[in-house]
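Right, one structure below, let's go through it.
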Amino acid sequence: GSDPRCDRWARILLYRDEEGKDEGPIMAAIKTNASRFEAACAADQAAACTALGVQSFMEVMKNGEFGDKAKVKRSFDYMVSSCRAGDYVACSFLRMSAADEGMSTETGLDGEKLLSDAITKGCASGNAVPCGFMAFEHAAGRGKLPHDAKKALELAEKACLGSFAEACQFHAALLGDGAH
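In this note's numbering, the protein residues as written are 137 to 316.
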């Protein structure tokens, strides 16, 4: 089984708010304890999946290993799994990747499809963060999700009620723009 402390530890490692922190020791700690994080990720502990995804992707970037499709795909698979489970960092990573045209060329992966699949499935599972990201995408009409102001408003409200603060702000902004 997995130890729930792994997910808490992953959050501490990833989300410490330290300006200019040296990421080397953090990535080394994740890599050293990869088997524990793997078990936690397999048990749907989202932060553990994000930690593995960040560590793996940082290694790909550092070593210029975009040609290693299996390693790149594994990095993205961790992020997709974590985003579906409601992790903000993972969803943000996928959204950033989807917006970067060069990323698809470099990785051979369709970032827009990865994002839309992750947030659609995550929202259908009842996770607030992916619902909020769906609202953002529908409002912008970006990627694989068509522009739909009414759907964006509904999803933003659902995400807000699920305690995703950014979605509450977005919902208020949509109401202010007359999207009701």
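The beta-carbon is built from N, C-alpha and C at its ideal position, and this holds for glycine as well.
Just so we're clear, the structure is a prediction, and the values are computed from it rather than from any experiment.
Three-state secondary structure (DSSP) of residue i
i: P161; result: helix
i: G137; result: Only weak support is given to the placement of G137: the predicted model assigns it a pLDDT of 46, under 50, and the value that follows is read from those uncertain coordinates. Coil.
i: N169; result: coil
i: F229; result: helix
i: G189; result: helix
i: A221; result: coil
i: A308; result: helix
i: R210; result: helix
i: H283; result: coil
i: E201; result: coil
i: L297; result: helix
i: A179; result: coil
i: L291; result: helix
Alpha carbon of residue i to alpha carbon of residue j, nearest angstrom
i: L310; j: S171; result: 43 Å
i: G312; j: N263; result: 25 Å
i: F229; j: A275; result: 19 Å
i: A187; j: K167; result: 9 Å
i: F173; j: L289; result: 36 Å
i: G189; j: P282; result: 28 Å
i: A301; j: A164; result: 32 Å
i: F193; j: S240; result: 14 Å
i: G277; j: A303; result: 17 Å
i: E273; j: C185; result: 23 Å
i: Q305; j: N169; result: 37 Å
i: L297; j: K257; result: 18 Å
Counted within 10 angstroms of its Cβ, other Cβ atoms place residue i as buried (16 or more) or exposed
i: Q181; result: buried
i: S252; result: buried
i: H307; result: buried
i: M232; result: exposed
i: G137; result: In this predicted model, G137 has a pLDDT of only 46, less than 50, meaning its place in the structure is not dependable enough to derive any value.
i: L250; result: buried
i: K294; result: buried
Nearest-angstrom beta carbon gap, residue j and residue i [assumed within contact, 8 Å]
i: A234; j: E248; result: 5 Å
i: S217; j: C177; result: 7 Å
i: F202; j: E242; result: 5 Å
Sub-8 Å separation of residue i and residue j beta-carbons
i: V196; j: V208; result: yes
i: K205; j: G238; result: no
i: A254; j: D223; result: no
i: R220; j: P266; result: yes
i: A292; j: G268; result: yes
Any non-hydrogen atom of the ligand NAD closer than 7 Å to residue i Cβ
i: G298; result: As for the ligand NAD, it is missing from this structure, which has no ligand bound.
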